[in-house]
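Beneath this line is the structure, given in structure tokens, with notes to follow.
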Amino acid sequence: MAKLSLSNVSLDYPLYGAYDLSIKRRLLGRVLREASTMRTLRALDNITLEATAGARIGLFGPNGSGKSTLLRLLAGVYPVSSGRLEISGSVMPLLGLNSGVNPDFTASDNISLLLRIGGRRPTQALIDEIWAFTELEDRMRQLPLRMFSSGMQMRVLFAVATVFPADILLLDEWLSVVDENFSVKAEQRLLKLVSMASIVIIASHDQGLLRRTCTSIVRLEQGRLTSILPVDPNSAHPLGLRESA
Amino acid sequence: MSMTPANDAARRPSVLHIFKVYYPDLFGGTLSVIRDICAGVKDMFAAAVLVCSKSAGDRQIVVNAVPVERVPSFGDVLSLPMAPTYPWRLWRRIAEHDLLALHAPFPLADLVFAFGLGRSRPLVVHWHADIVTHAWLRRLVEPLMRRTLARAEAIIVSDPVLISSTPLLREFAAKCHAVPFGIDVSKYDWPPNRRAPVNARGRLVLACGRLVPYKGFEVLLRAAQGQDFEVWIVGEGRERPHLEQLIRELRLDDRVRLLGGVSDSELAKLMRVADVFVMPSVTNAETFGLVQLEAMAAGRPVINTALDTAVPRVARDGLEAITVPPRDPEKLAEAINTLIADPERRRRMGEAARHRAATHYSKATFRAGIERVYRHAVAAGAARTARAQTVGLVAAIKIAAALAWSDMRHRYVRSLLGPFWMSIQMAIMVGVLGSVIGHFSNQGTLSHLPMLALSLTAWTFLNSVVLDATTALQGSASLIKDRALPPAIFLLQCTFRQALFALHNACVPLILWLLLTPGKVDGIVEALPGFALFMACALALSLVLGALATRFRDLKPIIESSLTLAFLASPIVWSPEMLNRSSTIMRLNPVTHLFAVWREPLSTGHLALGSLVYVLGCFAVLALASLLTVAHLRKAAFWI
Numbered sequence: 003m004a005k006l007s008l009s010n011v012s013l014d015y016p017l018y019g020a021y022d023l024s025i026k027r028r029l030l031g032r033v034l035r036e037a038s039t040m041r042t043l044r045a046l047d048n049i050t051l052e053a054t055a056g057a058r059i060g061l062f063g064p065n066g067s068g069k070s071t072l073l074r075l076l077a078g079v080y081p082v083s084s085g086r087l088e089i090s091g092s093v094m095p096l097l098g099l100n101s102g103v104n105p106d107f108t109a110s111d112n113i114s115l116l117l118r119i120g121g122r123r124p125t126q127a128l129i130d131e132i133w134a135f136t137e138l139e140d141r142m143r144q145l146p147l148r149m150f151s152s153g154m155q156m157r158v159l160f161a162v163a164t165v166f167p168a169d170i171l172l173l174d175e176w177l178s179v180v181d182e183n184f185s186v187k188a189e190q191r192l193l194k195l196v197s198m199a200s201i202v203i204i205a206s207h208d209q210g211l212l213r214r215t216c217t218s219i220v221r222l223e224q225g226r227l228t229s230i231l232p233v234d235p236n237s238a239h240p241l242g243l244r245e246s247a
Numbered sequence: 002m003s004m005t006p007a008n009d010a011a012r013r014p015s016v017l018h019i020f021k022v023y024y025p026d027l028f029g030g031t032l033s034v035i036r037d038i039c040a041g042v043k044d045m046f047a048a049a050v051l052v053c054s055k056s057a058g059d060r061q062i063v064v065n066a067v068p069v070e071r072v073p074s075f076g077d078v079l080s081l082p083m084a085p086t087y088p089w090r091l092w093r094r095i096a097e098h099d100l101l102a103l104h105a106p107f108p109l110a111d112l113v114f115a116f117g118l119g120r121s122r123p124l125v126v127h128w129h130a131d132i133v134t135h136a137w138l139r140r141l142v143e144p145l146m147r148r149t150l151a152r153a154e155a156i157i158v159s160d161p162v163l164i165s166s167t168p169l170l171r172e173f174a175a176k177c178h179a180v181p182f183g184i185d186v187s188k189y190d191w192p193p194n195r196r197a198p199v200n201a202r203g204r205l206v207l208a209c210g211r212l213v214p215y216k217g218f219e220v221l222l223r224a225a226q227g228q229d230f231e232v233w234i235v236g237e238g239r240e241r242p243h244l245e246q247l248i249r250e251l252r253l254d255d256r257v258r259l260l261g262g263v264s265d266s267e268l269a270k271l272m273r274v275a276d277v278f279v280m281p282s283v284t285n286a287e288t289f290g291l292v293q294l295e296a297m298a299a300g301r302p303v304i305n306t307a308l309d310t311a312v313p314r315v316a317r318d319g320l321e322a323i324t325v326p327p328r329d330p331e332k333l334a335e336a337i338n339t340l341i342a343d344p345e346r347r348r349r350m351g352e353a354a355r356h357r358a359a360t361h362y363s364k365a366t367f368r369a370g371i372e373r374v375y376r377h378a379v380a381a382g383a384a385r386t387a388r389a390q391t392v393g394l395v396a397a398i399k400i401a402a403a404l405a406w407s408d409m410r411h412r413y414v415r416s417l418l419g420p421f422w423m424s425i426q427m428a429i430m431v432g433v434l435g436s437v438i439g440h441f442s443n444q445g446t447l448s449h450l451p452m453l454a455l456s457l458t459a460w461t462f463l464n465s466v467v468l469d470a471t472t473a474l475q476g477s478a479s480l481i482k483d484r485a486l487p488p489a490i491f492l493l494q495c496t497f498r499q500a501l502f503a504l505h506n507a508c509v510p511l512i513l514w515l516l517l518t519p520g521k522v523d524g525i526v527e528a529l530p531g532f533a534l535f536m537a538c539a540l541a542l543s544l545v546l547g548a549l550a551t552r553f554r555d556l557k558p559i560i561e562s563s564l565t566l567a568f569l570a571s572p573i574v575w576s577p578e579m580l581n582r583s584s585t586i587m588r589l590n591p592v593t594h595l596f597a598v599w600r601e602p603l604s605t606g607h608l609a610l611g612s613l614v615y616v617l618g619c620f621a622v623l624a625l626a627s628l629l630t631v632a633h634l635r636k637a638a639f640w641i
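So the protein sequences, as listed, match chains A and B. Heads up, the first sequence is in our numbering, so the first residue is 3 and it goes up one at a time. Heads up, the second sequence is in our numbering, so the first residue is 2 and it goes up one at a time.
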């Protein structure tokens with residue numbers, strides 16, 4: 003069963019100034035008895051959060067409030083500085099859709115590469131399935147990805163990223179670039195993925211989107227958790243997407 | 002739209018039982034425990050067994066509906082199977098299962114776990130016994146066993162006393178669970194028409210177990226000397242000739258019989274007709290004595306020994322058993338005679354024994370206990386793996402290889418010749434250098450060219466791997482930060498990528514060799530180990546320097562200039578013979594030896610032993626530094 007629990011988790015992000023990244027300066031500093039100037043920024047401060055199966059948590063907050071950092075911490079990119087982080091279940095971070103993409107390669111080669119990066123064997127059936135989802139013309143498969151418009155690229159990347167379900171899904175600012183028509187389909191697929199994943203955490207500036215998809219909204223400010231508000235299902239958004247899942 | 006690869010919720014988690022031997026090669030307590038676990042928890046867990054076998058039969062067999070894989074073994078030494086491929090097979094099998102159940106002691110499997118392999122799956126250790134017979138062997142493998150236990154989610158013992166009496170288990174008391182073995186008492190019921198549980202003139206003493214020293218059958222034979230009871234011993238083993246000789250020496254031929262192996266139903270029958278059951282075990286290798294529990298289920302009074310294990314706690318002195326000191330034939334004979342002379346006491350003890358077996362050691366309790374520990378282990382293991390590393394070693398290598406392959410294809414996308422452009426450059430360089438060097442060397446220029454080209458290819462590889470690694474992590478920042486891939490993958494990718502390019506460059510020495518010195522193949526085999534060492538050093542160097550150069554940005558120019566210096570100070574384009582005597586710097590220069598380990602065999606046909614030792618030393622240091630680097634590489638996300 004997927005479960006996620008943070009108790010008093012903090013993350014001190016080391017700030018490397020120009021001198022901190024220099025070994026000459028480090029050695030020289032030791033000779034000159036210069037005090038170490040290494041500073042850290044408390045990127046996440048004393049965060050306590052519990053999520054059990056079925057939770058869909060929206061992270062909301064201004065730029066630099068620690069939304070992405072929190073997602074990366076959950077994904078295992080950053081180690082916890084203090085506190086306890088416990089995760090059971092497989093974690094799927096979908097933070098940057100276009101990481102690992104090579105624009106010079108054809109679309110289908112990119113799909114294979116992205117699947118391999120995700121640790122999956124790219125079978126022809128899987129690639130066909132992904133391509134069918136993009137609703138792009140079949141001949142475009144053999145075109146280099148750099149010839150695609152940004153919306154079309156996003157379709158391909160989104161289709162690859164969401165083909166496998168995971169226990170815990172981490173999403174950062176999804177669906178910002180996809181065109182209107184695909185957006186509905188993408189949102190449906192994400193909702194299906196969300197319904198299959200036990201826990202979903204979404205970071206977004208779009209409060210309307212968070213209200214439609216989440217069961218509670220967590221507000222972050224300067225790395226601190228300021229409020230956890232449950233979303234009232236009765237005040238459902240007119241689109242009512244959560245119910246259609 | 003279908004999401005085919007989704008997990009099948011109905012699938013039972015599968016347990017891999019790891020032990021040294023299984024049916025049909027042997028019978029005995031531990032094996033019947035494994036069999037009972039497989040059958041007992043089969044509704045919740047699918048089971049598979051991986052063991053050694055020296056029989057030449059099928060490698061994959063099915064025993065009681067459980068698939069059993071048997072790894073070939075040359076036989077046993079110090080009761081350990083000599084199966085060199087077992088660790089490899091185990092490592093390959095681990096990923097296919099959800100839970101690993103190691104039946105200890107089994108140092109061959111500890112070897113796998115102690116080196117940190119198979120961390121992706123939770124492990125439960127069934128502690129059957131300590132290694133008692135070979136004290137020095139125990140000292141040797143204790144660190145391995147400790148590491149296995151430290152890594153395990155749970156340790157299952159048959160009785161709480163084992164936790165306090167085993168020093169190694171005391172260290173891990175918090176994760177020890179006492180789950181007593183269980184038995185199905187109804188299997189030992191008398192047929193309804195023949196009820197005669199106690200024979201008034203009974204003098205049949207039964208013992209059962211493998212014929213090995215710790216079972217103490219020798220003590221039983223000595224106890225039988227000069228008495229008038231009969232002794233039947235069920236079981237086979239390497240002690241048989243010794244016991245047979247002892248029987249002849251003590252003139253017990255008419256009263257003592259070694260029955261050999263018998264079937265389960267036959268044994269149940271023997272248990273019912275015997276008057277007294279004796280378990281004369283002499284060491285703590287006997288932790289529980291499942292066979293005395295069987296005798297108890299059959300309603301037999303038991304005579305056991307005062308070991309520090311569960312043995313005197315399963316059948317208790319004065320209630321279900323008479324407990325005598327181990328290795329004491331007189332006391333044993335006295336106890337046997339007491340019981341034989343007193344049918345009423347036999348009846349009373351037998352009834353108490355059967356009652357205790359039915360109430361304290363029921364099969365249902367055993368199954369429920371095992372199932373509970375297994376379920377918790379699977380859940381806890383899932384939590385731990387998600388926290389530790391999401392990408393395993395094999396997966397990391399696969400991803401690095403896929404990325405490197407795509408990098409190479411990228412070169413071809415941009416131009417038709419791809420990396421062969423560099424090979425052309427290499428060919429020109431070989432030509433120029435070859436002609437220049439030919440001027441101040443007396444030997445024939447042409448015959449030196451293949452070696453010169455090969456050395457240049459190798460140097461280009463080493464040079465590019467290290468330089469590439471210094472920027473690799475920054476180049477892959479988005480994959481590290483957004484896809485949470487371990488940074489080590491991208492350093493590994495450098496080695497793979499440069500190896501692919503080096504294969505392209507290797508065309509130059511290959512063509513030169515075919516043209517100029519064809520048929521000269523001696524020394525190639527001798528050069529292979531040295532070449533492997535060269536590659537391993539390049540990989541380790543790229544890991545260490547790649548991480549350091551990412552942390553300290555000003556290291557990159559220092560590394561660059563050091564590489565140029567190393568190129569000039571090492572015999573790569575020139576050979577040591579060109580100088581009259583080799584300088585101290587050159588002899589201390591590790592690069593000299595890194596090339597000598599494979600060049601020397603190629604040019605002279607002999608291994609350069611001095612260089613080999615020097616390089617092995619360097620590699621040991623580099624390997625240690627790489628391990629430290631990989632352990633700290635998670636912080637790389639902060640540096641990029």
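We put the CB at the ideal spot given by N, CA and C, even for glycine. A quick note: this is a predicted structure, and the numbers were derived from the prediction, not measured.
Buried/exposed call for residue i, threshold 16 Cβ in 10 Å
i	result
Asn305(B)	buried
Glu172(B)	exposed
Ala316(B)	buried
Tyr413(B)	exposed
Thr167(B)	buried
Gly183(B)	buried
Ala609(B)	buried
Gly76(B)	exposed
Lys26(A)	exposed
Gln126(A)	exposed
Spatial neighbours of residue i in its chain, beta-carbon cut-off 6 Å, leaving aside the 5 residues before and after
i	result
Thr54(A)	Lys5
Ser84(A)	Ser12
Pro16(A)	Thr42
Ala389(B)	Here Ala389(B) scores only 43 on pLDDT, less than 50, and its place in the model is too uncertain to base an answer on.
Pro232(A)	Ser218
Phe502(B)	Pro420
Gly319(B)	none
Gln475(B)	Ile641
Ile49(A)	Leu8, Val11, Leu227
Under 9 Å from the C-beta of residue i: neighbouring residues of chain B
i	result
Phe107(A)	Ser407, Arg410, His411, Val414
Chain-order list of residues whose beta-carbon lies under 8 Å from that of residue i (same chain, five-residue window excluded)
i	result
Phe166(A)	Met94, Gly120, Arg122
His207(A)	Phe62, Glu175
Asn285(B)	Ala130, Asp131, Val133, Ser166, Leu308, Asp309, Thr310
Integer-rounded CB distance, given that residue j should sit under 8 Å from residue i
i	j	result
His104(B)	His178(B)	In fact, because the Cβ distance is near 15 Å, the residues do not count as touching under 8 Å.
Phe289(B)	Ser159(B)	4 Å
Pro330(B)	Arg256(B)	That pair is no contact at about 15 Å.
Leu564(B)	Leu556(B)	Not a contact, Cβ separation roughly 12 Å.
Chain B residues whose Cβ lies nearer than 8 Å to that of residue i
i	result
Asn104(A)	Ser407, His411
Partner residues on chain A for residue i, Cβ-Cβ distance less than 9 Å
i	result
Leu394(B)	Correct list: empty, because the minimum Cβ distance to chain A is about 12 Å.
Cross-chain neighbours of residue i in chain A, by beta carbon under 8 Å
i	result
Leu556(B)	Ile25
Residues of its chain near residue i, where Cβ-Cβ distance is below 7 Å and the 5 sequence neighbours each way are ignored
i	result
Val466(B)	Cys495, Thr496, Gln499, Ala539, Ser543
Contacts of residue i in chain A (Cβ-Cβ under 7 Å)
i	result
Arg484(B)	Pro95, Ser101, Gly102, Ile119
Original post:
Are three or more beta carbon pairs between the stretch 49-61 of chain B and the stretch 25-39 of chain B nearer than 8 Å?
Top reply: With a cut-off of 8 Å on Cβ pairs, the stretch 49-61 of chain B is in contact with the stretch 25-39 of chain B, counting three or more such pairs.
Subject >> Stretch pair the stretch 98-116 of chain A + the stretch 74-81 of chain A: three plus CB contacts closer than 8 Å >> reply: no
Original post:
Is the stretch 359-376 of chain B in contact with the stretch 457-476 of chain B, if contact means three or more CB pairs nearer than 8 Å?
Top reply: no
Subject >> the stretch 503-513 of chain B touching the stretch 424-441 of chain B, judged by at least three CB pairs closer than 8 Å >> reply: yes
Subject >> the stretch 475-492 of chain B contacting the stretch 522-533 of chain B, beta-carbon criterion three pairs below 8 Å >> reply: No contact exists between the stretch 475-492 of chain B and the stretch 522-533 of chain B.
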